[in-house]
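Report on the structure given below.
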Amino acid sequence: MLVSVLVALSGIGQSHLRAEQTPGAPATRSAAAAAPGAMSAPDAQAMLDRYCVTCHNERTRTADLTLDTLDLARVGENAATWEHVVRRLKASAMPPAGRPRPDAATSHAFVSWLEAELDRAGLADPDPGRPAIHRLNRVEYANAIRELFNLEVDVQSLLPVDDEEHGFDNIADVLSVSPTLIERYLAAAQRISRLAVGYRGLRPVAETYPVHGALLQDEAMSLDLPLGSRGGVVIEHNFPVDGEYLIRVTLRKQEYGYARGMGQPHELDLRLDGVRLDTFTVGRAWEHGQLPPMGYAGKFEQVYDGNSFPEWERYALNADRGLEIRTEVTGGRHQVGVAFDRRTARPEGILPLPDDRSSYSYGQDEMQDRNPAVSGIEIIGPYDPSDAAALPSRNRVFVCQPADASDETACASSILSTLARRAYRRPASDADVETLLPFYEDGHAEGGFDAGIQAAVERLLVDPEFLFRIETDPDGVTPETAYRLSDLELASRLSFFLWSSIPDDELLELATQGRLKDPAVLETQVRRMLADARARALVDNFVGQWLYLRNVPAVTPDLYTYPDFNDGLRKAMKRETEL
1405 MLVSVLVALS GIGQSHLRAE QTPGAPATRS AAAAAPGAMS APDAQAMLDR
1455 YCVTCHNERT RTADLTLDTL DLARVGENAA TWEHVVRRLK ASAMPPAGRP
1505 RPDAATSHAF VSWLEAELDR AGLADPDPGR PAIHRLNRVE YANAIRELFN
1555 LEVDVQSLLP VDDEEHGFDN IADVLSVSPT LIERYLAAAQ RISRLAVGYR
1605 GLRPVAETYP VHGALLQDEA MSLDLPLGSR GGVVIEHNFP VDGEYLIRVT
1655 LRKQEYGYAR GMGQPHELDL RLDGVRLDTF TVGRAWEHGQ LPPMGYAGKF
1705 EQVYDGNSFP EWERYALNAD RGLEIRTEVT GGRHQVGVAF DRRTARPEGI
1755 LPLPDDRSSY SYGQDEMQDR NPAVSGIEII GPYDPSDAAA LPSRNRVFVC
1805 QPADASDETA CASSILSTLA RRAYRRPASD ADVETLLPFY EDGHAEGGFD
1855 AGIQAAVERL LVDPEFLFRI ETDPDGVTPE TAYRLSDLEL ASRLSFFLWS
1905 SIPDDELLEL ATQGRLKDPA VLETQVRRML ADARARALVD NFVGQWLYLR
1955 NVPAVTPDLY TYPDFNDGLR KAMKRETEL
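Written out as structure tokens, the structure is:
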């Protein structure tokens, strides 16, 4: 059943729904609609006059709805109004309470008859409309890049936020193109093409992930952090290539720049994909019988120079200096997490430890439990990219390698033809390759074969055939005529609906052969696509926008009213709705 629904939603059979049905969701057809005749047209008119027209007429105009002037013999002329009537009757909202109502069987028969008439009118006079040119939104763009190059990109940093309507960012009429967007497309194409080919000139780039300042970090912050941890944060970062990266942790400061919670020692745990990279100790600790820095625990006379506490200030201002590690990371998305070990032990009073609650340090901590907190994670790199030949993206791009200089142009044509076929979602023509080859030649003249491929890929990524989903009318078809989608257009609709991405090679091959329209083949492909992990996009994108789950990360409840709210609960709220 799910397969049948998804096939229907993807637009099989014709371009669009009837124009009259587009303003609101069409009423669901009941099984009885397949067998009209349970109620005759005169009976339907009699029921309408008896139970509906008494309120919905030109004189009373209840709810601004008039039915006495509409002809049941031509329901197609006012399809939107009759769809509204069907929905109200199914919800038992018409007639209202206190007014005469038909029995359930009569109401059901009228709804079935009206649905059958609407379906008959739609089939007799289809109005598919013209498909709008559909720009890929950010999610579709990122997924297409992953399919093309086996490469994860941080699309949020590459492209601006898409326009939305009713919470959805995949409506063709809303996805506009601005000069700023064009500039970002050009910059993104350059960066992505270099990553895909394995450009050795990548310079280190810094990216910071701040933690919301309202989070107290007194409890566990995420289910992805170790049990027994407190505070911290978990982030997902896309490491562009294999190489060496610097991961740095910063601590939350008070208004004068002093790190909070330094009155007690705390262990800070830094992890990559759940594996510990290093641990750091921050805060006060006993060393040689002293509590460094001197004076932080109240021994002001030992360091006070009459103006300030220089040793304490140096310590408090630089408490997070050195909370970093430089490590090798493979390219792709990785989880970086940092958290403090939960401290439950309290001083027993055996040693004459100073009472921090009455000391100057407590006033500077400005936190009642004296806990430090993470301000953010900064990732910088790559510093030393690994051999480009080992990149997964190169295996996807370089379908051949020239044996010598005489083979380079032929190999480049093969590479570009393969990429164009996938990117344009159709067989690549000679003209497509001829458009890309001059860019290859210019790049080759400057830096050799790889540089030429990189330049051609950069040009491909700004081609309208890639950035837009364009459906063309068949030759000889008038604007008013409904027609069956081509197999290639059907493949794109399926893949963008189920995967929010371009068709894979199997789907594209079937479409090229003209076999996708076969019902058995179509059902097999829909089942295959639903079983694929990429079908998760249907939940993340459609449901995420429909129920506004995408906005959950931006919502921060009043932490005084909900002190137990943390990032783990935020993720659980979203995940629970998706299950």
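Note that our numbering has the sequence shown beginning at 1405, numbered continuously upward. The beta carbon of each residue, even a glycine, is placed where N, CA and C say it ideally should be. Please read all numbers here as calculations on a predicted model, not as lab measurements.
Can you look up residue i in the DSSP assignment and give me helix, strand or coil?
i	result
Ile1784	strand
Ala1723	coil
Gly1636	strand
Glu1893	helix
Glu1770	Residue confidence for Glu1770 is low, a pLDDT of 39 falling below 50, so the modelled location carries little weight and cannot support an answer.
Tyr1966	coil
Asp1745	strand
Asp1655	First, the amino acid is wrong: residue 1655 is Leu here, not Asp. Three-state result, Leu1655: strand.
Arg1979	helix
Ala1816	helix
Phe1872	strand
Glu1519	helix
Ser1763	Because Ser1763 sits at a pLDDT of 43, beneath the cut-off of 50, its placement in the model cannot be relied upon, and the following sentence gives the value as read from the coordinates. Ser1763 falls in the coil class under three-state DSSP.
Ser1580	coil
Asp1468	helix
Asn1799	helix
Arg1919	coil
Ser1905	coil
Gly1972	helix
I'd like to check one pair, residue j with residue i: are the Cβ atoms closer than 8 Å?
i	j	result
Tyr1964	Ile1783	no
Gln1949	Gly1571	yes
Ala1548	Leu1555	no
Glu1997	Ser1597	As shown, the chain starts at 1405 and ends at 1983. That puts residue 1997 outside it, with no answer to give.
Asn1461	Asp1472	yes
Thr1731	Leu1681	yes
Gly1636	Val1742	yes
Gly1735	Asp1646	yes
Ala1483	Leu1522	yes
Ser1810	Val1837	no
Phe1843	Ala1859	yes
Gly1602	Arg1826	no
Out of the options, state which residue places its alpha-carbon closest to the alpha-carbon of residue i.
i	options	result
Pro1614	Asn1775, Ser1779, Arg1979 and Ala1859	Ser1779
Glu1659	Leu1606, Leu1721 and Gln1739	Leu1721
Val1947	Tyr1455, Val1515, Ile1537 and Thr1981	Thr1981
Glu1640	Asp1472, Arg1737, Ser1511 and Leu1579	Arg1737
Pro1786	Ile1651, Asp1558, Asp1836 and Ala1743	Ile1651
Asn1642	Ser1626, Val1559 and Ile1575	Val1559
Glu1623	Val1645, Arg1634 and Asp1453	Arg1634
Glu1544	Asp1834, Arg1675, Leu1902 and Leu1973	Leu1902
Ala1739	Leu1676, Tyr1719 and Glu1728	Contrary to the premise, residue 1739 reads as Gln rather than Ala in this sequence. Gln1739 has its Cα closest to that of Leu1676, out of Leu1676, Tyr1719 and Glu1728.
Leu1892	Ser1905, Ala1886, Leu1953 and Glu1913	Glu1913
Thr1470	Leu1452, Gly1480 and Ala1477	Leu1452
Ala1592	Glu1850, Arg1542 and Val1490	Arg1542
Arg1505	Leu1476, His1488, Cys1456 and Asp1567	Cys1456
Ala1895	Thr1885, Glu1884 and Ala1915	Ala1915
Leu1493	Val1479, Leu1599 and Thr1510	Thr1510
Taking all protein chains shown into account, decide if residue i is buried (16 or more other Cβ within 10 angstroms of its Cβ) or exposed.
i	result
Leu1527	exposed
Asp1977	Per the sequence shown, the amino acid found at residue 1977 is Met instead of Asp. Burial call: exposed.
Arg1465	exposed
Ile1586	exposed
Pro1500	exposed
Gln1805	exposed
Arg1595	buried
Tyr1966	exposed
Ala1961	At residue 1961 the sequence reads Pro, which differs from the Ala that was named. Classification of Pro1961: exposed, given that the 10 Å Cβ count is below 16.
Asp1879	exposed
Ala1429	Low per-residue confidence applies at Ala1429: pLDDT is 38, beneath 50, and the placement is therefore not dependable enough to give any value.
Val1515	buried
Pro1644	buried
Glu1691	With a pLDDT of 46 at Glu1691, under the threshold of 50, the predicted position of this residue should be treated as unreliable, though the coordinate-derived value follows. Exposed.
Gly1856	buried
Pro1446	exposed
Ser1904	buried
So what does residue i bridge to, in DSSP terms?
i	result
Val1740	Ile1639 and Leu1676
Thr1612	Glu1782
Phe1684	Leu1672
Glu1913	Partner(s): none; Glu1913 has no beta bridge.
Ile1729	Ile1651
Phe1572	Glu1569
Asp1663	Looking at the sequence provided, one finds Ala at residue 1663 rather than Asp. DSSP, once it has assigned bridges, lists Lys1657 as partnering Ala1663.
Ala1624	Gly1635
Arg1539	Phe1872
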